[in-house]
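So for the sequence shown, UniProt numbering puts the first residue at 1; every next one is plus one.
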Amino acid sequence: MSKTPDPPVTAANIMATPYTPNAMFQVNPQTDTESLLANACESLASASVMLCDFAGMLEGPHRQTLLGIAQVVMLGELAVSQALEHVAGVPSP
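Given below as structure tokens:
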């Protein structure tokens with residue numbers, strides 16, 4: 001038995017497909033702001049460490065680019081950490 005071929009992948013076909021989010025990656029709308037900010041802060045800290053580790057394996061302009069991205073991530077982490085302090089009312093680690 002032959003399988004019916006799938007329609008060609010085109011931008012129109014992709015745009016016409018309704019978006020159904022994957023529940024595995026959805027944030028629970030009932031999650032409190034403090035928990036969301038704490039998780040975001042930890043995620044940004046992890047990303048910063050990974051970027052710096054990876055930058056250590058590179059040289060020249062690629063290394064400089066990664067270190068620049070790591071700095072932007074660290075600034076985001078600082079902003080989220082400050083927002084967490086405002087919400088929680090206690091200094092974050």
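Ideal placement from N, C-alpha and C gives every residue a C-beta, glycine not left out.
Rounded C-alpha distance that separates residue i from residue j
i	j	result
residue 71	residue 59	17 Å
residue 42	residue 57	23 Å
residue 79	residue 44	11 Å
residue 7	residue 63	43 Å
residue 28	residue 35	11 Å
residue 25	residue 82	25 Å
residue 73	residue 39	14 Å
residue 18	residue 89	42 Å
Range covered by the alpha helix (DSSP H) that runs through residue i
i	result
residue 75	60-88
residue 33	33-55
residue 23	Premise fails: residue 23 is in no alpha helix (DSSP H) and is neither H nor E.
residue 13	11-16
Which listed residue (the options) has its alpha carbon closest to that of residue i
i	options	result
residue 47	76, 88, 35, 30	76
residue 51	14, 61, 68	68
residue 66	55, 89, 49	55
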